[in-house]
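Comments concern the structure below.
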Amino acid sequence: MPHLCVRFHAELQEFFPPQRRGRPVEMAFRCPQTAKHLLEAAGVPHVEIGAVRLGDAAFPLHAVPPAGACLEVFPRTPRERWPADLPSPRFALDGHLGRLASYLRLLGFNTAYRNEVDDADLVAQAVAERRVVLTRDQDLLKRKALTYGYWVRATDPHAQAAEVLERFAIASLARPFTRCPRCNGLLAPVPKAEVLAQLEPLTRRYYDEFYRCQTCGQVYWRGSHYERIAVLVRRWLTDEPLT
Ligand SMILES: [Zn+2]
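Counted the way my numbering counts, the sequence shown spans residues 453 to 695.
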């Protein structure tokens, strides 16, 4: 039976259990298949794959590798993970990543999230709005229609936010506290007089600066919850470890 050897580099190793990392994957196949199909069968979704090389030459994902070939497979660079003409990535998160969605919105990134979205709708929205799908479901990322997607490795939401900032190299693009963590709408300053009726007596007394979500109308101010979140944001953007 024809076989193929594949060497996955750098973070693509993370698709394999630790005991299988660091050595080539040997694959046998019955009939000719494209590199994309074979690499996905090995466990790595096409949206995670950057360059593929055979010897000294680039090897296209849609081509059929010759029997006995040894492919070198590299991850996408941070900048290849979202459409080249967009200045900042836009995300669409699957229904299990609600806290990550809030955190990315807090950091100012345009992040679509509905907790009951099904896979087909999520993919359709991502394609239509040119968003990068973030998910913990590797099979979702193997859908043909997707061009941009990323498998979130971490399971803790704080660590997930740090991972997304690092893998997309977008810390410098963050605009903290400009977007509503509840609905993704943009925040704008609002005069205190306009929101007075919505405020608790103590808030009315101690705070003078307010922001309102342009989409859902939620009012925000820099109260005690703000200080807690500001510490988190600072740690994400400066790589300070969480203690
Ligand atoms: Zn809102």
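Just so it is clear, CB atoms sit at the ideal spot from N, CA and C, and this is done for glycine as well.
Q: Indicate the three-state DSSP secondary structure (helix, strand or coil) for G550 in the structure shown.
A: helix
Cα-Cα, which of Q650, F468, P476 is closest to G495?
F468
On the DSSP letters alone, give me the boundaries of the alpha helix (DSSP H) that E439 sits inside. Residue 439 cannot be examined here, being either before or after the span of the chain that is shown, 453 to 695.
Q. Taking 7 Å as the cut-off, does the CB of Q650 come closer than this to any heavy atom belonging to ligand 1?
A. no
Checklist line | Identified DSSP bridge partners for Y672 | finding: Partner(s): Y663.
Fill in: Length of the line joining the Cα atoms of E661 and R674
Near 8 Å, if we compare the C-alpha coordinates of R674 and E661.
Requested in this report: Could you check how far apart the C-beta atoms of L552 and P609 are, in whole angstroms? I think they sit under 8 Å.
Outcome: Right, their Cβ atoms sit about 5 Å apart.
Cα-Cα separation between E466 and R605, rounded to whole angstroms:
8 Å
Minimum C-alpha distance to L491 - residue among V458, L549, C483, G520
V458
- Task: Spatial neighbours of A519 within its chain, please: CB distance less than 6 Å, with the 5 preceding and 5 following residues excluded, ordered by chain position.
- Result: P454
(message) Quick test of the definition: if touching needs 3 or more C-beta pairs under 8 Å, does the segment 591-601 touch the segment 503-512?
(response) no
**Report entry** Any non-hydrogen atom of ligand 1 within 7 Å of T732 CB
**Finding:** Outside the displayed span of the chain (453 to 695) sits residue 732, for which this structure offers no information.
Worksheet entry | Residue interval of the beta strand (DSSP E) (run including A645) | Here A645 belongs to no beta strand (DSSP E); instead the alpha helix (DSSP H) covers 644-647.
TODO: Verify whether the separation of the beta carbon atoms of R557 and R482 is less than 8 Å.
DONE: no
Next on the checklist: With distance defined between alpha-carbon atoms, name the residue in R582, R542, T607 nearest to D589.
Outcome noted: T607
Classify L559 as helix, strand or coil using the three-state DSSP reduction.
coil
Can you tell me whether R634 is helix, strand or coil according to DSSP?
coil
So, helix, strand or coil for W603, using DSSP? The DSSP-derived three-state label of W603 is strand.
(message) Starting from T587, trace the beta strand (DSSP E) in both directions and tell me its first and last residue.
(response) 584-587
Less than 8 Å between C-beta atoms, sequence neighbours within five positions excluded: which residues of the same chain meet that for V575?
Around V575: V585, L592, R595, A597, L598.
Taking the alpha helix (DSSP H) that R619 falls in, what are its first and last residues? 609-619
* **R634 CB to nearest heavy atom of ligand 1 below 7 Å** => yes
Between the alpha carbons of L684 and L617, how many angstroms are there, rounded? 13 Å
Sequence-distant residues of its chain with Cβ nearer than 6 Å to V647 (five each side left out): Cβ within range, chain order: F662, V671.
By the three-class DSSP mapping on this structure, what secondary structure does A682 have? helix
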